[in-house]
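Positions 2 to 292 (this note's numbering) are the ones given, in order, by the sequence shown.
Heads up, the beta-carbon is just placed ideally off N, CA and C, and yes, glycines get one too.
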Amino acid sequence: MSFGTGATTGTFFPLGVGIASAFNSANIGVNVTAESTGGSLENLRLMGGRRAELGFTETGAASWAYNGEQMFSGRRITNIRGLISLYPNTIQLVVKENSGIRDWPDLAGRRVGVGIQGSTSALNILYVLEQYGLSLRDIKPEYLSFGEAMQLLKDDKLHAVMVDAGAPNSAIIDIASQHRIRILSIPQDKINQIRQKYPFFSEAIRIPAGTYRGVDYDVITTGAKVMIAVREDLPEDLVYNLTRTLFEKRDDIIKAHPRGSSINLPLALDGLPIPVHPGALKYYREQGIAK
2 MSFGTGATTG
12 TFFPLGVGIA
22 SAFNSANIGV
32 NVTAESTGGS
42 LENLRLMGGR
52 RAELGFTETG
62 AASWAYNGEQ
72 MFSGRRITNI
82 RGLISLYPNT
92 IQLVVKENSG
102 IRDWPDLAGR
112 RVGVGIQGST
122 SALNILYVLE
132 QYGLSLRDIK
142 PEYLSFGEAM
152 QLLKDDKLHA
162 VMVDAGAPNS
172 AIIDIASQHR
182 IRILSIPQDK
192 INQIRQKYPF
202 FSEAIRIPAG
212 TYRGVDYDVI
222 TTGAKVMIAV
232 REDLPEDLVY
242 NLTRTLFEKR
252 DDIIKAHPRG
262 SSINLPLALD
272 GLPIPVHPGA
282 LKYYREQGIA
292 K
């Protein structure tokens, strides 16, 4: 089975490796491989094209795919089902401390790594810029992976990098170990405006001071929730066992990546924008969190 994750420098890939390992060690008759991909949108297309059985995606992207909206207009992907809701994919806008960039409007005219073309990262930065009356036309967007963009930021060939991933993020840890950085917060009123227009975004998220070297203040931001989606045609008993294994092997998954702690039974169905797979639903009913 192919498990679509994300770039090796993000959260999806190492977390996916841990989850795949948990599945493979659970004696449920599967061999799952965590595949490095372009992330949420590619994973949805892989499942839609029957080239992956499951994958990480942001809830907003899953909603667009299932309902044929945004980049999926005229190209609905209806064979996806929910497995579990996880953590918010946190918006982290990284600049060097000496860049002169202290707030989002300061990005005007600057070269910004916004993520891979067509990625949720490139969309999510737009949603923040909108709150300041800006668009991608007001910045100089560079469509690069987190790792590529961070290298250019180190070399002073970019002014800022948009990272749309769980915190802590390995690419940010790396640059913070070599350069003094700043991560921009998003004011509460702007978060409220984003959530009013795009309800799949989370309440304010606090990245605690000290999460990254030199960032000795809390960063307040937001993000869209991450989920695991599976193909509709996967057998009910298989998906039941996958769901059960997530919770039974939770401690092992946390050892692979701390975001494994977001495997949280009371919140497992929180914000899922697409129907839940019957196999997962059977498990959640047994646990008393679904009817």
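Under the DSSP assignment, Q194 falls in the alpha helix (DSSP H) whose first and last residues are 189-198. Taken through DSSP and simplified to helix, strand or coil, R207 comes out as strand. V162 is bridged by DSSP to V95, G114. Within the model, the alpha-carbon separation for I195 versus P188 is close to 11 Å. Excluding residues up to 5 positions away in sequence, W105, L108, S136, L137, D139, I140 lie with their Cβ nearer than 8 Å to the Cβ of L130 in the same chain. The stretch 69-85 makes no contact with the stretch 154-168, as fewer than three CB pairs between them are under 8 Å.
Your pair D165 and G116 checks out as a contact, with CB atoms roughly 6 Å apart and the cut at 8 Å. In the three-state reduction of the DSSP assignment, R260 falls in the helix class, which pools H, G and I. Only residues of its own chain outside the window of five on either side were considered, and among them P15, L16, G19 have a CB closer than 6 Å to the CB of H258, listed in chain order. In this chain, the beta strand (DSSP E) harbouring R183 covers 182-185. Secondary structure of V129 (DSSP, three-state): helix. Of T246, D252, R181, G280, the smallest CA-CA separation from V33 is found for T246.
Scanning its chain for C-beta atoms nearer than 6 Å, with the 5 sequence neighbours on each side dropped, one finds around G114 the residues E143, L145, A150, L159, V162, in chain order.
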